[in-house]
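Undergrad: Attaching a single structure in structure tokens format; questions to follow.
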Amino acid sequence: MFMPAFDPVTAVLRALEVLRLVNQLDHASVAEIHRQTGIPKATVLRMVETLINAGYVAREDGAATYTATGKCLLLSNGLQVHARMTAKAAPILNVFRRKVGWPSDFGIFDGDAMVIAATNREFGTLSLNRKPGARAPMLLSALGRAYLAFCPADEQERILQALRLSKNPLDELAKDRAGTTKLLKQTRARGYSVSDREYLDTIYEGAIWGIGVPVMAAGQVVASLNVMFLRKAMSMDSGIKTLLRPLQQVAEQVGTDLDEEALGLSRGT
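Residue 253 in the UniProt record's numbering sits at position 253 of the sequence shown, and the numbers go up by one each step.
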């Protein structure tokens, strides 16, 4: 479990809770916010005035109530981008599943891990149940390795530094700087990643292999894709030989669609 390096700032937590309620209630009063949060009214008022000053809240004319402004939409830009990426990837993954017969996931970087944004797994089969929202470790999963190996050097180092400070045992490999550097260089050189065998043995009881590739758009890595297959069905070498190129083609298609969407948005279409 991730452990914060510092105690949370109470004032920030309170301000975020006040902003959430202003947005939820639409016409929020100090008294109602106080009733729902227990925060003293004087503190609520200070929080509201601070949010007004920052442009996220506005006082309604002729009333002692407050409403959220359009600036709050900026806070969801990252989620909107992720949703659009997932919408592009999901149908392509479904076609890929029908073509190769093996399940795969679409992963997006989320702070200290890859979050499964879309999957074509058929739940209840092959013991490969992992739903959207599940998190895959950066240095043990094929998804994480594929993303991290193709990051720009400065971003890669920021991520690795955060992982070195993590208390999560799944991030322990980050503390081996030489080993991590070698792993990521090898992954980038060959153009694909493989899941850590010990990790797979633990999570899937030694039943599967996993390989992954980056999704590139506008010349940079934006996500990653994997494919998982049963060890008793084929060896790792056979899986790479038969599944890698189709997986790369899927990643290229998703990346192209994202490029085209970005171009359309820049033209206002």
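For glycine and all other residues, C-beta sits at the position ideal for the given N, C-alpha and C.
Values in this document were obtained by computation on a predicted structure and should not be read as measured data.
Based on the DSSP output, what are the partners of R59 in its beta bridges?
TA: Per DSSP, Y66.
Undergrad: For the alpha helix (DSSP H) holding R145, just list the boundary residues, first then last.
TA: Element bounds for R145: A142 to A149.
Undergrad: Starting from the C-beta of D110, find all residues in its chain whose C-beta is less than 8 Å away, skip the five residues before and the five after it, and write them out in chain order.
TA: Same-chain partners within the cutoff: R135.
Undergrad: Among residues of its own chain, excluding the 5 on either side of E17, which ones have a beta-carbon nearer than 7 Å to its beta-carbon?
TA: Taken in chain order, the residues that qualify are T37.
Undergrad: How about T86 and A113: do their beta carbons lie closer than 9 Å?
TA: Contact flag unset, no.
Undergrad: What do you get for V250, buried or exposed, if any count of 16 or more other CB atoms within 10 angstroms of its CB means buried?
TA: So V250 ends up on the buried side.
Undergrad: Would residue 342 and Q253 be called neighbours here (beta carbons separated by less than 9 Å)?
TA: Residue 342 is absent from the model: the chain starts at 1 and stops at 269.
Undergrad: Looking only at C-alpha atoms, which of V22, D201 and Q220 sits nearest to R231?
TA: Looking at the Cα atoms, D201 is the closest of the given residues.
Undergrad: With N53 as the anchor, note down where its beta strand (DSSP E) starts and where it stops.
TA: From DSSP, N53 is part of no beta strand (DSSP E) but of the alpha helix (DSSP H) over K41 to A54.
Undergrad: Can you list, in chain order, the residues of its chain with a C-beta nearer than 8 Å to that of G124? Leave out the 5 residues immediately preceding and following it.
TA: With a pLDDT of 47 at G124, under the threshold of 50, the modelled position of that residue is not reliable, and no figure is offered here.
Undergrad: Just tell me which of L163, K185, K182 and Q156 has its CA closest to the CA of K175.
TA: Taking only the C-alpha atoms, the option nearest K175 is L163.
Undergrad: Of all the beta strand (DSSP E) runs that stay within the bounds of the stretch 182 to 250, which reach a length of 3 or more residues?
TA: Whole beta strand (DSSP E) segments, 3+ residues: 208 to 217 and 220 to 230.
Undergrad: List the endpoints of the continuous alpha helix (DSSP H) containing A162.
TA: A162 -> alpha helix (DSSP H) spans A153 to L165.
Undergrad: In this structure, does DSSP put V9 in helix, strand or coil?
TA: Reduced to three states, the DSSP call for V9 is coil.
Undergrad: Determine whether the beta carbon atoms of A142 and S224 lie at a separation below 9 Å.
TA: Yes, Cβ-Cβ distance for A142 and S224 is below 9 Å.
Undergrad: Buried or exposed: G239, going by 16 or more other Cβ atoms within 10 Å of its Cβ?
TA: Label assigned to G239: buried.
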